[in-house]
Amino acid sequence: MTAKNLDEIVALAKRRGFIFQSGEIYGGLQGVYDYGPLGVELKNNLKAAWWQSNVYERDDMVGLDTAILSHRAVFQYSGHEDTFADMMVDCRECKHRWRVDHLKNGKCEHCGSDNLTEPRAFNMMFKTRMGPVEDQDVFAYLRPETAQGIFTQFKNIVDATSMKLPFGVAQIGKAFRNEITPRNFIFRVREFEQMEIEFFVKPGEDDTWHEKWVEWRYEWWKQQGLSETRLKLLTQPTEELAHYAKKTVDILYEYPHGFEELEGIANRTDYDLGSHTRSQSDFNLSAKVKPNTDSTAKLAILDLQSNKFIVPYVIEPSAGVDRGVLAVLNEAYTEEVLGEGKSRVVLKLKPHLAPVKVAVVPLARNNPAIVEKAQEIRKILQRLGLGRISYEDTGNIGKSYRRHDEIGTPLCITVDFDTVTEGPQYHTVTLRDRDTMQQTRLPIEQLSAYVREVLF
2 MTAKNLDEIV ALAKRRGFIF QSGEIYGGLQ GVYDYGPLGV ELKNNLKAAW WQSNVYERDD
62 MVGLDTAILS HRAVFQYSGH EDTFADMMVD CRECKHRWRV DHLKNGKCEH CGSDNLTEPR
122 AFNMMFKTRM GPVEDQDVFA YLRPETAQGI FTQFKNIVDA TSMKLPFGVA QIGKAFRNEI
182 TPRNFIFRVR EFEQMEIEFF VKPGEDDTWH EKWVEWRYEW WKQQGLSETR LKLLTQPTEE
242 LAHYAKKTVD ILYEYPHGFE ELEGIANRTD YDLGSHTRSQ SDFNLSAKVK PNTDSTAKLA
302 ILDLQSNKFI VPYVIEPSAG VDRGVLAVLN EAYTEEVLGE GKSRVVLKLK PHLAPVKVAV
362 VPLARNNPAI VEKAQEIRKI LQRLGLGRIS YEDTGNIGKS YRRHDEIGTP LCITVDFDTV
422 TEGPQYHTVT LRDRDTMQQT RLPIEQLSAY VREVLF
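Take the sequence shown: its letter number 25 is residue 26 in the numbering used here, and every next letter is one higher.
Quick look at the structure:
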């Protein structure tokens, strides 16, 4: 079973050091969160799994890391200055402000009043001043998405790598949106991280590639442990498409607050490269593209079959890292009744996502031989490069097991008196499985191979 409500996830996240409210000692900064010691491990593991699948395991993908500060012209020509807005209203009674599409029955969520202002557009991009002189015309944007950095570096990537169509560029990075009403913990926030791919294809082949990417991304989330019963696909209605999109399919996950978007896979056509390219009259570009007189780049690629330059179409799988973390936490959260009035909370995370891969626990922390052997085993396992190996020295074996159940550690290794006793029947440790709670003995010399097999 998953968490019954979001409060259970929030409580676990804070109690065990996954996620904290940013600036909490000063009352907190709304819509901004910090990842704690375990949260940063889980988040990094999810990003590493995404990078492994989409970059290292493919020959048609390269990586990129572009700047957060973005030239204003980028978002003028991308259409964000004109269209990247939500409709908002103010409640005249309690003065709270809301996104129109978040209201139920047209009433204020805070006081229930229907005495609201007329809806008005609110651009969600953050501006920041550039340079030492305060000039209203000299500013940059904090990027609201990572995609535009890929598009504006398209020519440099092609020149540097000699990639041929079809190929993709992957990027993981921070983005910022001045959300009117952040909500549902880390689901909708003002500072977040994206895992995005821009996959460039020949015009006319875009529909086929779009279908492939929807299938691939859906299967990848299942591999991260998300249940198919809590995943579904939704094709966005034409009237709800973003200004750049020909078609978008959303992967929805059933969070504690309901089905919401986990990842969107969009067919962006040639809108973006066309918007940023010069000599647009040379190409038969999307009708949405507006003339560009400022760009110095020709964002096109030579088609070897026709020996002509073309502006590729783009398929964009875009996932929120934070939404992914929330989905994984919710899916893994399990409460089990053990009998005799006892129960436990366990995070049944996939081993490759677990913040701590193995906990090494000395049975007696006041026994120098046991402590020394436990620390030695931890160092040996850490050198395997499988992730974080923890040395757990609480002095209470039962509490150690429960703590590691709750943070999702797949395997606990207990070092006891038999481990440090001389003799052929000794030099063994106790291995405890997180999910089954079964315990087995294993010789120390077999430990590294066993851990490799269990975790990967």
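Glycine is no exception: its CB is placed at the ideal position from the N, C-alpha and C atoms.
First and last residue of the alpha helix (DSSP H) that includes residue i?
i    : result
F152 : A148 to T153
S449 : L448 to L456
F76  : R73 to Y78
V101 : Careful: V101 lies outside any alpha helix (DSSP H) and carries neither H nor E.
T84  : H81 to T84
Tell me residue i's beta-bridge partners as DSSP assigns them.
i    : result
C112 : C112 pairs with nothing; no bridge assigned.
Y36  : I20
Q224 : DSSP output for Q224 lists no bridge partner at all.
N6   : Per DSSP, none; premise fails for N6.
M62  : G169
P444 : T429
M88  : A122
L303 : F310
E337 : R345
K105 : K108
P318 : I266
Among the residues of its own chain, which have a CB less than 6 Å from the CB of residue i, if the five just before and after it don't count?
i    : result
Q440 : T431 and R433
V190 : G32 and P183
G150 : T67
H405 : A360 and C413
R93  : N116
D91  : R98 and T118
G396 : R366
Are residue i and residue j closer than 8 Å when you measure CB to CB?
i    : j    : result
I371 : T420 : yes
D207 : Y314 : yes
V159 : I302 : yes
G325 : L65  : no
I408 : L39  : yes
G321 : Q195 : yes
A122 : A86  : yes
Y254 : L235 : no
A171 : M62  : yes
A50  : L354 : yes
S276 : G80  : yes
S23  : Y36  : no
M125 : R178 : yes
V329 : E337 : no
W210 : I316 : yes
R366 : D394 : yes
E262 : P318 : no
I187 : D102 : no
S449 : L382 : yes
F200 : W214 : yes
A148 : E197 : yes
Between which two residues does the beta strand (DSSP E) carrying residue i extend?
i    : result
F193 : E192 to V202
N268 : G259 to T270
D323 : Counting along the chain, D323 falls outside any beta strand (DSSP E), though it belongs to the alpha helix (DSSP H) covering V322 to A333.
K343 : K343 to L348
E255 : K248 to Y256
T236 : L232 to T236
R130 : F127 to R130
F186 : F186 -> no beta strand (DSSP E), and no H or E assigned at all.
A360 : V359 to P363
A141 : F140 to L143
Looking only at its chain, what residues have a beta carbon closer than 7 Å to the beta carbon of residue i, apart from the 5 residues adjacent to it on each side?
i    : result
K128 : F140 and Y142
T153 : V75 and H277
M131 : V139, F140 and A141
Counting only the same chain and skipping the five closest in sequence on each side, list residues whose C-beta sits under 8 Å from that of residue i.
i    : result
E229 : K223
Check whether the Cβ of residue i lies closer than 8 Å to any Cβ atom in chain C.
i    : result
H405 : The chain labelled as chain C is not found in the depicted structure, where only one protein chain is given.
With a floor of 4 residues, list each alpha helix (DSSP H) that falls wholly inside the stretch 369-433, ordered by position along the chain. With a minimum length of 4 residues, the continuous alpha helix (DSSP H) runs that stay inside the stretch 369-433 are 369-383, 398-408 and 418-421.
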